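Notes follow once the structure below has been shown.
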Amino acid sequence: MRSEEYQKYVNSRAGKSPLLKDCLFAFLVGGLICALAEGLHYAYDALGIETETAKALVSVTLVFLAALFTGIGLFDDLAKVAGAGTLVPITGFANAVVSPAIDNKSEGFIMGVGAKMFVIAGPVIVYGILSSAIYGVVYYILNMWMG
Amino acid sequence: MDVIRLPRRVSIIGSVAVVGKKEFEGPIGADFDLHDDTEMFGMDTWEKAESEMQRRALSLAIGKAKIDATSLDAIFAGDLMNQCTGSAYGLKDFSVPYFGLYGACSTFAESLMLSSLMIGAGYFTTCASVTSSHFCTAERQFRFPLEYGGQRTPTSQRTATAAGAAILSAENAGKVTITEVLPGRIVDKGITDVNNMGAAMAPAAVDTLSRYFHATGTNPDGFDLIVTGDLGIEGHGILCDLLLSEGIDVRPVCNDCGLMLYSAESQDMHAGGSGCGCSASVIAGHVIKRMEKGELRNVLYLATGALMSPGSLFQGLSIPGIAHLVHLSV
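The listed protein sequences derive, respectively, from chains A and B. Note that the first sequence covers residues 3 to 149 in the numbering used here. Note that the second sequence covers residues -17 to 312 in the numbering used here.
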């Protein structure tokens, strides 16, 4: 069998991920996380905290919770079911930073935790900042042009 | 290359498997010599734990063979870690000449083959074959951090936490012998999906098996078991399909170490087990013991390896496969 034929044959027989089920759980868990965030927002508001500060506190709380659950080994169990539901909110970002930090502790705090902490989240940060810089330039030019 | 028939009697005089929690809970868990539910084996890092598994597996195998470590002429060993450190650190205190091998999941067959060839050629009298893999060291090296929240595809395999050791000798008469070996050729059919290693390795297994049957004039009916390691569900199906299209039906006697080690459904193992320790533990812990009991007499062991690295995958290279064949007889 030639390579192209073989690859076609392999793709045709490979089991596919259960897309509908994955989407449903991602929707449910992702939705619950966002509902929790909204609840936190109301709670911080009720405490008389300014809206802008409350928004930041919501993110901080979610990051803390995701880091905590990663640390005690529950996050990956939930993520196995929830998929994008835990990955897409800020919880996924926290997990992507904390999990390599835990893993690489055995190589020390400099070359292990420090160097490897951003091995997954690094690209997100780099291209996130780059795209926001490009957005800023475009915004600046458009503003000049359109007055 | 033709099938090599060993000119001297090379027998297995001691074999041991050391495994982790999930492997012990699997369908053949009771056959394994030692397990540790924490999977740390008394160590403080996963890497040291894997080395310790090799050390304990070889120590126990030496005890079973009733020999002294100093009577070993050489150790052929390997694992999945960078620069084979799992083997080097685990076996350094034995003070025995050492050869580090890398054949990915095919390493145990490679080490059995080289041990038996060296003994067969008369250079060595007694050799040890040892390989291991650890779920946690392999995940770190090849995939994601352990606590990273991701999902796996149905065709992905799980790296076994397991080590296997076998002592081969021309002197002491063991029941199980290695009679023939056939080194594998690298076969690359362009598979790039690291979550479908079974598909990447299956063509190599087909190549080696069909070469074996053509060269020896035998057919699958002549064997009690043809056991591959570790094609998993996907690769096993492909192997059976492709061989059938060549007119060779292995289905009635063919099984796969990756499928035997776990209960894929109840243990949520997706396509089955993989890693240097997977077929090592199934062969050293289960198959050889069944052969010693007389339940199996004629076994073809065909270990398959996916010879990629994380770097080669990021560069978009496809995954080359290899399959080494060892013929075990009673």
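Note that beta-carbon positions come from the ideal geometry of N, C-alpha and C, so glycine has one too. Since we're looking at a predicted model, the values are computed, not measured.
For the ligand SAH, I want to know if residue i counts as a neighbour, meaning its beta carbon is within less than 7 Å of at least one of the ligand's heavy atoms.
i	result
Leu26 (chain A)	This structure simply doesn't include the ligand SAH, nor any ligand for that matter.
Under three-state DSSP, which class holds residue i?
i	result
Ala148 (chain B)	strand
Gly50 (chain A)	coil
Thr63 (chain A)	helix
Ile301 (chain B)	coil
Leu62 (chain B)	coil
Val112 (chain B)	strand
Asn280 (chain B)	strand
Arg4 (chain A)	coil
Tyr80 (chain B)	strand
Ala123 (chain A)	coil
His252 (chain B)	coil
Leu96 (chain B)	helix
Asn237 (chain B)	strand
Arg(-10) (chain B)	strand
Val83 (chain A)	helix
Ile112 (chain A)	helix
Leu140 (chain B)	Per the sequence presented here, residue 140 (chain B) reads as Arg, with Leu not at that position. It is a strand residue.
Leu34 (chain A)	helix
Gly104 (chain B)	coil
Val12 (chain A)	helix
Ser311 (chain B)	strand
Glu27 (chain B)	Here residue 27 (chain B) is Thr; the residue named in the question, Glu, does not match the sequence. Residue state, collapsed to three classes: coil.
Ser(-3) (chain B)	strand
Gly211 (chain B)	strand
Which chain A residues are close to residue i, counting only those with a beta carbon under 9 Å from its beta carbon?
i	result
Glu7 (chain B)	Within 9 Å Cβ-Cβ: nothing; Glu7 (chain B) doesn't reach chain A, min ~17 Å.
Leu128 (chain B)	Gly75, Asp78, Ser101, Ile104, Asp105
Glu216 (chain B)	Val12, Arg15, Ala16, Gly17
Ala246 (chain B)	Ordered by position in chain A, no residue passes the 9 Å Cβ test against Ala246 (chain B), which lies about 11 Å from the chain.
Could you give the C-beta distance for residue i and residue j, rounded to a whole number, given that I count them as a contact under 8 Å?
i	j	result
Asp15 (chain B)	Ala31 (chain B)	No, Asp15 (chain B) and Ala31 (chain B) are not in contact; Cβ-Cβ is about 17 Å, not under 8 Å.
Thr107 (chain B)	Arg(-9) (chain B)	Not a contact, Cβ separation roughly 12 Å.
Thr119 (chain B)	Glu29 (chain B)	5 Å
Ala47 (chain B)	Gly(-4) (chain B)	3 Å
For residue i, is the classification buried or exposed, using 16 other Cβ atoms within 10 angstroms of its Cβ as the cut-off for buried?
i	result
Phe66 (chain A)	exposed
Glu34 (chain B)	buried
Arg140 (chain B)	buried
His196 (chain B)	exposed
Tyr46 (chain A)	buried
Tyr44 (chain A)	exposed
Thr315 (chain B)	Examination of residue 315 (chain B) is not possible in this model, given that chain B is present from -17 through 312 alone.
Ile44 (chain B)	buried
Thr53 (chain A)	exposed
Met146 (chain A)	exposed
Glu216 (chain B)	buried
Pro79 (chain B)	exposed
Tyr130 (chain B)	buried
Ser19 (chain A)	exposed
Leu83 (chain B)	buried
Lys275 (chain B)	exposed
Counting only beta-carbon separations shorter than 8 Å, does residue i have a partner in chain A?
i	result
Gln36 (chain B)	no
Ala186 (chain B)	no
Gly230 (chain B)	Note on identity: in this sequence residue 230 (chain B) is Ile, with Gly being the wrong assignment. Cβ-Cβ to chain A under 8 Å: no for Ile230 (chain B).
Gly276 (chain B)	no
Leu44 (chain B)	It is Ile, not Leu, that sits at residue 44 (chain B) in the sequence shown. No, no contact with chain A.
Ala181 (chain B)	yes
Ile220 (chain B)	yes
Arg122 (chain B)	yes
Kindly list, in the order they appear in chain B, the residues whose Cβ is closer than 8 Å to that of residue i.
i	result
Ile122 (chain A)	Phe126, Pro127, Tyr130
Thr72 (chain A)	Glu129, Gly131
Please list the partners that residue i has in chain A, where partner means a Cβ-to-Cβ separation under 8 Å.
i	result
Gly172 (chain B)	Ser5, Glu6, Tyr8, Gln9
Asn178 (chain B)	Val12, Ala16
Pro136 (chain B)	Ala16, Gly17, Lys18, Ser19
Arg167 (chain B)	Under the 8 Å cutoff, chain A gives no residues; its nearest Cβ is about 16 Å from Arg167 (chain B).
Applying a beta-carbon distance threshold of less than 7 Å, which residues of chain A neighbour residue i?
i	result
Thr27 (chain B)	Ser108
With 8 Å set as the bound, which would you pick, yes or no: does the beta-carbon of residue i sit closer than that to a beta-carbon of chain B?
i	result
Gly94 (chain A)	yes
Leu89 (chain A)	yes
Lys23 (chain A)	no
Lys152 (chain A)	The requested residue 152 (chain A) is not part of the displayed model; chain A covers only 3 to 149.
Ala98 (chain A)	yes
Ala117 (chain A)	no
Gly85 (chain A)	yes
Ala81 (chain A)	yes
Mind pulling the chain B residues with CB within less than 7 Å of residue i?
i	result
Gly114 (chain A)	Going along chain B, no residue has its Cβ under 7 Å from Gly114 (chain A), so there is no contact; the nearest lies around 11 Å.
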